[in-house]
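*Asks:* This is the structure, below, for whatever I ask next.
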DNA sequence: TAGGCGATGACCT
DNA sequence: GGTCATCGCCTAC
């Protein structure tokens, strides 16, 4: 196994900002992501290796989709390498193509910035479901990632949203000034003090 | 097999 | 700011 340093993971997360993700008829430009380090990260689903999290232990460049609170789907990009289970949660994006379809899926017509704000909404706008779990993002079929490119504007760093463990690890990254970025909300179960895990 | 919990989001006050 | 809907997954027994 090749150890993945936190700086590499941060670089992977930064690399996804500003990049496009093509879903089922909808394309978004990623504006907010969160990094999860794998078995060493108590906030990651990969902290316990189970059939659900197994996809994160596989090859990088694949999509990990899970259902949260019985209502929403959340999408991650496995950043690997194989066996390390590092992944980046896609939290928000700007819909740049397929606006009508995204509005139809989300039922939002008055504020395009809300179409893909929040991981559940992002997955919904893209039409991502559990059926997309394990999809190869470098393949020809949707979902797939667009070509790498710079974020285009300064990247802001902050603590991760909603996690009960390691809530203070500043592995949430978003593009400065983007209206599509979701609001910060701390998990009520998270301890008040600084987290034990620091990059 | 049953019970508890969660990387959420929308609505209400 | 607070509450609640809702169900797949994990763990304990």
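Residue numbers (our numbering): 43 to 241.
Glycine included, each C-beta is placed from N, C-alpha and C at the ideal position.
In terms of alpha-carbon separation, which member of 203, 219 and 220 lies closest to residue 212?
*Replies:* By one-based count along the first chain, residue 212 stands at place 170. Out of 203, 219 and 220, 203 has the C-alpha closest to the C-alpha of residue 212.
*Asks:* Mind reading off the beta-carbon distance from residue 123 to residue 102? Whole number of angstroms is fine, and I expect it under 8 Å.
*Replies:* Looking up residue 123 in the first chain gives position 81. Looking up residue 102 in the first chain gives position 60. So it is a contact: roughly 6 Å between Cβ atoms.
*Asks:* Just checking, does the stretch 159-179 make contact with the stretch 125-133 on the three C-beta pairs under 8 Å criterion?
*Replies:* Because the criterion of three Cβ pairs below 8 Å is met, the stretch 159-179 and the stretch 125-133 touch.
*Asks:* Does the distance from the C-beta atom of residue 126 to that of residue 99 stay below 9 Å?
*Replies:* If you number the first chain from 1, residue 126 lands on position 84. If you number the first chain from 1, residue 99 lands on position 57. In this structure, residue 99 lies closer than 9 Å to residue 126 by Cβ.
*Asks:* Between which two residues does the alpha helix (DSSP H) carrying residue 118 extend?
*Replies:* Within the first chain, numbered from 1, the residue matching residue 118 stands at position 76. Here residue 118 belongs to no alpha helix (DSSP H); instead the beta strand (DSSP E) covers 114-120.
*Asks:* Along the chain, where does the beta strand (DSSP E) that runs through residue 135 open and close?
*Replies:* Your numbering for residue 135 matches position 93 in the first chain. Per DSSP, residue 135 belongs to the beta strand (DSSP E) from 129-139.
*Asks:* For residue 60, count the other beta carbons within 10 Å of its own beta carbon; 16 or more makes it buried, fewer makes it exposed. Which is it?
*Replies:* For this step, residue 60 is matched to residue 18 along the first chain. Buried, because 16 or more other Cβ atoms sit within 10 Å of the Cβ of residue 60.
*Asks:* Return the CA-CA distance between residue 205 and residue 191, expressed in angstroms with no decimal places.
*Replies:* Taking the first chain and counting its residues from 1, one reaches residue 205 at position 163. Taking the first chain and counting its residues from 1, one reaches residue 191 at position 149. Each residue's alpha carbon lies about 29 Å from the other.
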